[in-house]
Amino acid sequence: MPTSYEHNNAATGAVEKDLFGEKQWDASSDAHIEEVKGTATVTDEVTQLSAIEATAASTAAWLISITVSLGGFLFGYDTGYISSVLVSIGTSLGHTLSSSEQELVTSLTSGGALVGAVMAGLTADRFGRKTPIWLACATFIIGTVLQTAAYSVPQFAVGRFIVGLGVGSAAMVVPLYIGELAPAKYRGRMIAFNNMSVTLGQLVASAIGAGLAQVEGEGWRGTVGIGAAPAVGLAIMLLWCPESPRQLVAHGRLEEAGKVLMRIYPTSTPSQRAAKIRSIEMSIHEATASVEQESLWVSFRRIFTTPATGRAVLTASLVMAISQLGGFNTLMYYSATLFAIVGFTNATAVAITVSGTNFVFSIVNLLLVDKFGRRILLCISTMGMSICMLIAVIAFRWIPIDTSTLTLEEGAEVGWAGILVLVTIIFYVAFFSSGVATIAWIGTELIPLEVRALGTMVNTVTCWGTNIIIASTFLSMMKGMTPSGAFGFYCGICFFGWVFIVICYPDVKGMPLETIRDVFRHGFGRKYSKQWQREHKHERKEAQQSFGH
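Anchor point for the sequence shown: position 420 equals 421 in my numbering, and the numbering is continuous, going up by one each time.
So this is what it looks like as structure tokens:
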């Protein structure tokens, strides 16, 4: 067992202790912060901030990100199991579900998630980031129990809505929490854990659903009920996760913020951590100086009346809307139904290929997002999605589908066109998961601190609002517009997304959150962010070399 030691920083007088191998923040930290405030120059401040961001992130930082990303698993599991449940539920709820009832029970979770996101957004600044996640776990468990025990459509629908409250709350707060906790150079990858957990949840749900679909009659109840387990696990493990340092500083709890920063940046010096806290304090002061006496409504209105803030929220929300309206969630919610339409006999098993592809390429995004940046991945992702959807539009023209019943015409079998649809969808999912899927949630990093919780709420409400549109209209669009028309609509959305990203989306890879707020003061900030990256590239390399990274 390592012995305890004290490290005295001669320049600052701060004391750094290591107890049983774990560094602790000394109570004199507050005094140390005030002392350094009076002596540090602007150049020293910038140097210290660059240096702390160049240090290695701790194992604890990665573990915390992975732990809270279980919130993404809840989201993924819910969207993953409904596909298999819809084709195996039979008459368990009293009768065979009609197309409109399938759309209803599918979209109700999105409706609940929208409400949950709003509730979390309105309370996240007051009660911190962890409380909404705990509430999300509780509501997810309650909703899961109601669904598992349901013997009527209304009870099942209520359970779906309550689960949505939890999913929406977690989906809103988890990326926000990780983004505020993560070191700048690892922020993209750490938030990507959340999306990878979503895709893992979808894959696990699809696999369990395919297996239990073979259980006659009531197997779907097991598929739904298993979803409560990760919610219980997250609620327990959250006890060991700290509050966001930015939230702690905002509430005047500087000593606790120092302890958290020590856990996140274990090789940093006391002066570097003090500089980081001062930077957060300055950002908070700048953010709140003009809004201190504002009501919640005035703060919310600021999103739409302050040009720079409006551009930031608009950019994040448009990418989120593209990720939903581009058609991916139709594949999650209705993949088994869709593959049955084009003639595959074991459609539930075939749907696993979609979830599997989604999971594999979410790992690709995790590996690339902080290396190549958000912008280039988004450009490749949206263009690839557009091309895949266009091919699907053409392939559907060759499949003889009766649009009144959404089944193959009598005597028709799976031909080359049906196989092409499957292959095209797999490639579409690969492009989606390696780019738009994750970066839509990383977009919370664009939103300035003074409206970050409210702006993230708008972003999440955009997610669930557009999700409701997709979930509640897909089967109707397939009937009214034909499959080619429906997929043509999704193709158009993807192409519009590509155009917007090429023209407007800035790349903020490696930029501290306190710096990103300046990007949208220069239009959409694409040129400004590119110039910042160029100017700080050499500085970051020098800082990394000084720490041996």
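Even for Gly, the Cβ is constructed at its ideal location relative to N, Cα and C. All values derive from a computational prediction rather than experimental measurement.
{"Check": "Helix, strand or coil at Thr149 according to DSSP, with G and I counted as helix", "Outcome": "helix"}
{"Check": "Through-space distance from Glu411 to Thr316, alpha-carbon basis", "Outcome": "47 Å"}
{"Check": "Straight-line gap, Gln148 to Phe76 (C-alpha atoms, nearest Å)", "Outcome": "16 Å"}
{"Check": "For Lys260, the first and last residue of its enclosing alpha helix (DSSP H)", "Outcome": "255-265"}
{"Check": "Cβ pair Arg312, Phe525 closer than 8 Å", "Outcome": "yes"}
{"Check": "For Asp403, the three-state DSSP class (helix, strand or coil)", "Outcome": "strand"}
{"Check": "From Ala55, Gly481, Ser85, residue whose alpha carbon lies closest to that of Asn347", "Outcome": "Ser85"}
{"Check": "CA-to-CA distance, Leu98 to Thr406, given in whole angstroms", "Outcome": "13 Å"}
{"Check": "Whole-Å CB distance - Phe501 paired with Leu319, under 8 Å assumed", "Outcome": "6 Å"}
{"Check": "Start and end residues, alpha helix (DSSP H) containing Phe76", "Outcome": "71-89"}
{"Check": "Alpha-carbon to alpha-carbon, Phe360 and Pro1", "Outcome": "The chain is shown from 2 up to 550; residue 1 falls before or after that span and cannot be answered."}
{"Check": "Reference Val119; option with closest CA among Gly498, Thr461, Asp508, Gly486", "Outcome": "Thr461"}
{"Check": "Beta bridge counterpart(s) of Leu409 as assigned by DSSP", "Outcome": "Ile402"}
{"Check": "Contact set for Met283: own chain, Cβ-Cβ below 8 Å, skip 5 residues either direction", "Outcome": "Glu515"}
{"Check": "Cut-off 6 Å between Cβ atoms - residues of its own chain near Val565, not counting five sequence neighbours on either side", "Outcome": "Residue 565 lies beyond the residue range present for the chain, which begins at 2 and ends at 550; the question has no answer from this structure."}
{"Check": "Inter-residue CB distance, Ile65 and Ile443 (contact presumed, cutoff 8 Å)", "Outcome": "With a Cβ gap of about 17 Å, Ile65 and Ile443 do not count as contacting."}
{"Check": "3 or more residues per run - each beta strand (DSSP E) lying fully within the stretch 118-193", "Outcome": "none"}
{"Check": "Beta-carbon separation (whole angstroms), Gly234 vs Phe162, contact threshold 8 Å", "Outcome": "With 8 Å as the limit, Gly234 and Phe162 do not qualify as a contact, their Cβ atoms being about 23 Å apart."}
{"Check": "Stretch-stretch touch, CB-based, cutoff 8 Å, three pairs: the stretch 120-129 with the stretch 456-476", "Outcome": "yes"}
{"Check": "Residue nearest to Leu94 in terms of C-alpha spacing, selected from Leu239, Glu219, Gly223", "Outcome": "Glu219"}
{"Check": "Of the listed residues Ile53, Ile381, Thr110, Val452, nearest to Arg302 (C-alpha basis)", "Outcome": "Val452"}
{"Check": "Spatial neighbours of Gly39 in its chain, beta-carbon cut-off 6 Å, leaving aside the 5 residues before and after", "Outcome": "Residue confidence for Gly39 is low, a pLDDT of 46 falling below 50, so the modelled location carries little weight and cannot support an answer."}
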